[in-house]
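Those sequence lines, one after another, are chains A and B. In terms of the numbering used here, the first sequence is residues 6 to 788. In terms of the numbering used here, the second sequence is residues 459 to 558. Inspection log for the structure reproduced underneath, given as structure tokens.
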Amino acid sequence: MSNEKEFSRRDLLKVSAAAAAGACVMNGMPVFAAGKFLEAKAVEFAELPPAHAETYDTACRYCHVMCGYKVYIWPKGTGLKPDKAKFYPVEKMRGDWPNPIFTIEAKKNGKDVLIMIVPDNKDVASGSNYSVRGAFNAQSLYSEKLPTRIRLKKPMIRRGGKTSPLVEVSWDEAIGFCADNFQKIINQYGPDAIGAVYGDWGYLQNTHALLKWLFTGIKSSTLAGNGYLFWGDESWGLADVVGAGTRSFTAEDFTKTKLIFCAGKNLKDTGSSWYYQALSTGGMNKGDIKMILVDPRRIQMAEDAEKSGGLFLQIKPGTDAILGASLMHVLVMHDLYDKDFVQRHTTGFDTLKQTVLNSRFAPDNAEKITGIPAAKIIAAAEMLAKHKGQTMVLFEKGIMHQVVGYENEVAYSAMGIILGNAGKPGACTSRAGGHPRGTWADPPAPNGASSMRSICEKIDKGEIKSLWAYISNIYIQLPNLSKYKPQIDKMFLVVNEIYPTDTTAAADVVFPAATWGEWNTIQASEDRRLHIQQGFMEAPGDAKPDWWIVAQLAKRMGLSGYDWKNEQEIYDEVRAQTKGSFTSDISEIEWKDLMKSGTNGIQFPYKNRRSISRLYSPETEEVMGRRFKHDDGKAHLEPVKALADFDPFNHPLRDKITNEYPLWMIMHRANEIWNTGYNFYNNGLNVPLTPNLYERLPEQTVSINPKDARTIGVKSGDWVALNSRNGSMKAVAKVNGLTAPGVVDVMSLYPKTESTPNMVTSEKADPKLAEWDRMVPVNIVKV
Amino acid sequence: MGCSVEGGIGADKGIVAYSMFCTHLGCAVELDQASGMLVCECHQSIYDPKQSGKVVEGPAPNNLPMISLEIDKNGDIYAAGVAGLIYGLRNNLLDGEEVR
């Protein structure tokens, strides 16, 4: 560049511009040209929040961090005008620069308003950071000026059965129609013929209303979904060891720790703000924190682990229990574990010792099963030993959503505990977390606890006549959709939704729901901070909160106990039921306390006006009377005996690799697509809802190792079909080195029906966790 | 450059320039020689200079603002404007005056 005189006037550009160029080789992937963003027109904030703006506190609804956000609302045209100062007065590295996408135009009380949702620089849990999910919080609000204008606004029913059209009706008619049909089914087939599938994250008041109606109202035990028994079922292996599946760390641990051992969890993409705290604030990028990453995929975290001075263990999917046992083999064999902690706080060490010292878990033998070189297993054990009592042992769905999930959890849980990683600054043995928690009071199921697996069995037997899809898109989430979707299509299907979807298209009753920001919802982060996400705008049309819908239905069916006047009354009913809960007591947290807690919420268990920041800590013992949740206050190592005869690939429920199905398909959660992708892409009308996010991932993709790609005869950009014994799905091939030969990887819950992985999964589930296998033998063919 | 980039200049439209401030939290982005991508040093957002600064991964909510370039008759290159808003700024104007 030249002409310094001319350019000096443009000093801003001079310091901002980084010239770059390269070979413009597109890899054949579907991309959206960024051209529509390229026009060099004037861009400025139309308005900034004035002093009279309404202000609200909220927390993001997507991942388990629940970053804090401030909401500002003001009448359009009354905001502050940007002055001539170039820079908005923010400090670098904080999220409170009001990026234009943080502000939308909407209606409130019939008037045009601007709504800004901006990361709160006082939020502790997020470290004032935010993810790309939360960045689009404002863009996903209802507004006639946004793609969200397609929100459901009126109840709909099919008056004449499946062949009649869905027509908009009044709430009174919709509730009456639904209540009458439910009652007929109960009268003819009994209450268990009515099932519900719900999202555990779907806000405390909503989940409580549904569980109360189902279990104590109509007395059905047919419940499943992403959530129920989440805390004691999906986490059963962890719970057998420490007493509960509840996450035990606090956000600060991500900067205090010396070593992160992370298995089956892409923390960078699915708990972003905590990962950034470890990476930047905690200094993992300088080696101050080391990381051992266990994953079948060489993701960015693998590079970060190696750069930190840690290790990347590229494991064969499904073999985590063997790795965990082998690590314990080395730790016990060489007396590298925390003897004092084991003696004082555990039972069953002799059982563990006898199990893991078996020569089948020696690193040389473990290498043959896990694919991880023995030297790396030994190095990992030594690193864990060096940082015993200073390590966050974290695992999540990558190891849990398998038919051998129980054994995987037990192995890593016991390994963490014998190193004393529990209840100390920077040390824990815990699930890492997925979505926020939205369920507290768990009334007992009247006929025994149900599960996804038993719902599938009941469908197979023709015992379920009606399903209520409640805060879940079952035509994305359920296993083996190729088998179950046609059967569910024939049922009396009731759907609570905010958008028209594939599932609402098949429904007999559609209830339009009000959602985040439209009333005072409650969720908790996975470091156990209870938040009210304050309501700040109206729901579209006649949409109502899910709890209100349940209450109307229950009352129409003649049930009592559903006269809640508002969401606070349900909260008060729920919190009273948590009194005495070792991990989740919120009984002393009053509504007004939460409303005053800003964006930080209040951490639980909460007792005697005191929050416990780390479970299984000396503080836990002091306040709750014991260290671990088990009645004896100790961690239990006896469950390790489950590993004695464990063979991950000869599990009776695990599908087998054959010549016909030679590849393991695994899946991951994409950063941009949360829950069922309901704010990413609408599969009812086939339109992107947040186009800027959608253009990053406009199609499902499958990562294939180059060696496999040569065998199959595909290249990047080819459309392929992935076929399993259960069904078929479509994806675009990405030939890369992400996975080892024999393993391919897709995005879970991708919200296009023909490309969603549950079209090929099996419903066979771990008998203890009730989780179906997300490892699926497939073949791939070019289409 | 031998190939064109939308928004690029030069005979082959292969000369491009971008803001170096990540749209997430304003950290500097750097050209990663191995991948040819612009990568944020703080939180690992990745932008593709071959796709006009499109963000392809990470927490950044916006594409990297592209600098509009012009070439005069002598072959000198000028920065003439910005497509998009640079992190931390109120507008993409200079002293209240529109650049183009």
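Quick reminder that beta carbons are idealized off the backbone N, C-alpha and C, glycines included.
Only those residues of the segment 257-289 of chain A whose C-beta falls short of 8 Å from the nearest C-beta of chain B are listed: Lys273, Ser277, Tyr281, Leu284, Ser285.
Measuring C-alpha to C-alpha distances from Thr262 (chain A) to each of A:Pro644, A:Ala649, A:Lys393, A:Phe633 identifies A:Lys393 as the nearest.
For the C-beta of Pro105 (chain A), the chain B residues within less than 7 Å are, from N- to C-terminus, Leu543. Under the three-state reduction of DSSP, Ser471 (chain A) is assigned to strand. Under DSSP, no beta-bridge partner is assigned to Val335 (chain A). Thr352 (chain A) carries a strand assignment under DSSP once its states are collapsed to helix, strand and coil.
In the three-state scheme derived from DSSP, where H, G and I count as helix and E and B as strand, Ser278 (chain A) is classed as helix.
The DSSP-derived three-state label of Arg580 (chain A) is helix. Per the Cβ contact rule, the segment 321-334 of chain A is in contact with the segment 292-307 of chain A (3 or more Cβ pairs under 8 Å).
Inter-residue distance for Trp679 (chain A) and Ala385 (chain A) is about 32 Å (C-alpha atoms, whole angstroms).
Of all residues in the segment 294-311 of chain A, the ones placed with a Cβ closer than 7 Å to any Cβ belonging to chain B are Gln305, in chain order.
The shortest CA-to-CA distance from Ala56 (chain A) to any of A:Gly73, A:Gly84, A:Leu318, A:Tyr74 is the one to A:Gly84. Ala518 (chain B) and Ser503 (chain B) have their alpha carbons spaced roughly 6 Å apart.
Interface flag for Phe141 (chain A) against chain B is set, since a Cβ pair is found closer than 8 Å.
In summary, Ala492 (chain B) is exposed, with fewer than 16 beta-carbon neighbours lying within 10 Å of its beta-carbon over all protein chains present.
Per DSSP, Pro124 (chain A) is one residue of the beta strand (DSSP E) stretching across 116-124. Straight across, the Cα-Cα distance linking Ile709 (chain A) with Pro762 (chain A) is about 16 Å. Proximity to Glu776 (chain A) across A:Gln407, A:Lys224, A:Pro517, A:Leu648 peaks at A:Gln407, based on C-alpha coordinates. Counting only Cβ-Cβ distances below 7 Å, Tyr74 (chain A) has no contacts in chain B at all, with the closest Cβ about 13 Å away. Among the residues facing chain B, Val70 (chain A) is not included, as its CB has no counterpart in that chain under 8 Å away. DSSP, reduced to helix, strand and coil, places Val137 (chain A) within a helical segment of the structure shown. Secondary structure of Thr526 (chain A) (DSSP, three-state): strand.
Cβ contact annotation for Cys480 (chain B) (same chain, cutoff 6 Å, sequence separation greater than five): Val487, Cys498, Ser503, Ala518, in chain order.
When the five nearest sequence neighbours on each side are left out, the beta carbons in the same chain lying within less than 6 Å of the beta carbon of Pro550 (chain A) are those of Ala519, Trp524, in order along the chain.
Ranked by Cα distance from Leu727 (chain A), the options A:Arg701, A:Pro782, A:Asn691, A:Leu498 are led by A:Pro782.
At a Cβ-Cβ threshold of 8 Å, Ser253 (chain A) and Cys68 (chain A) do not count as neighbours.
Within a 10 Å sphere around the beta-carbon of Met306 (chain A) sit 16 or more other beta-carbons, which makes this residue buried. Taking a Cβ-Cβ threshold of 7 Å, the residues of chain A close to Val514 (chain B) are Arg701, in chain order. Under the 8 Å criterion on CB atoms, Ala469 (chain B) is classed as non-interfacial with respect to chain A. DSSP, reduced to helix, strand and coil, places Gln502 (chain B) outside both helices and strands of the structure shown, so it counts as coil. In the structure shown, the three-state DSSP call for Phe516 (chain A) is strand. Chain B places no beta carbon closer than 8 Å to that of Val707 (chain A), leaving this residue out of the contacts. For Trp445 (chain A), no Cβ of chain B is located within less than 8 Å of the residue's own Cβ. Neighbours of Cys500 (chain B) in chain A, taken as residues at a C-beta separation under 9 Å, are given in chain order as Met98, Tyr281, Leu284, Ser285, Asn290.
Each residue's CA atom was taken as its position, placing Phe346 (chain A) and Met405 (chain A) some 27 Å apart. Distance from the Cα of Val499 (chain A) is smallest, within the candidate group A:Ala201, A:Asp258, A:Gln144, A:Val246, for A:Ala201.
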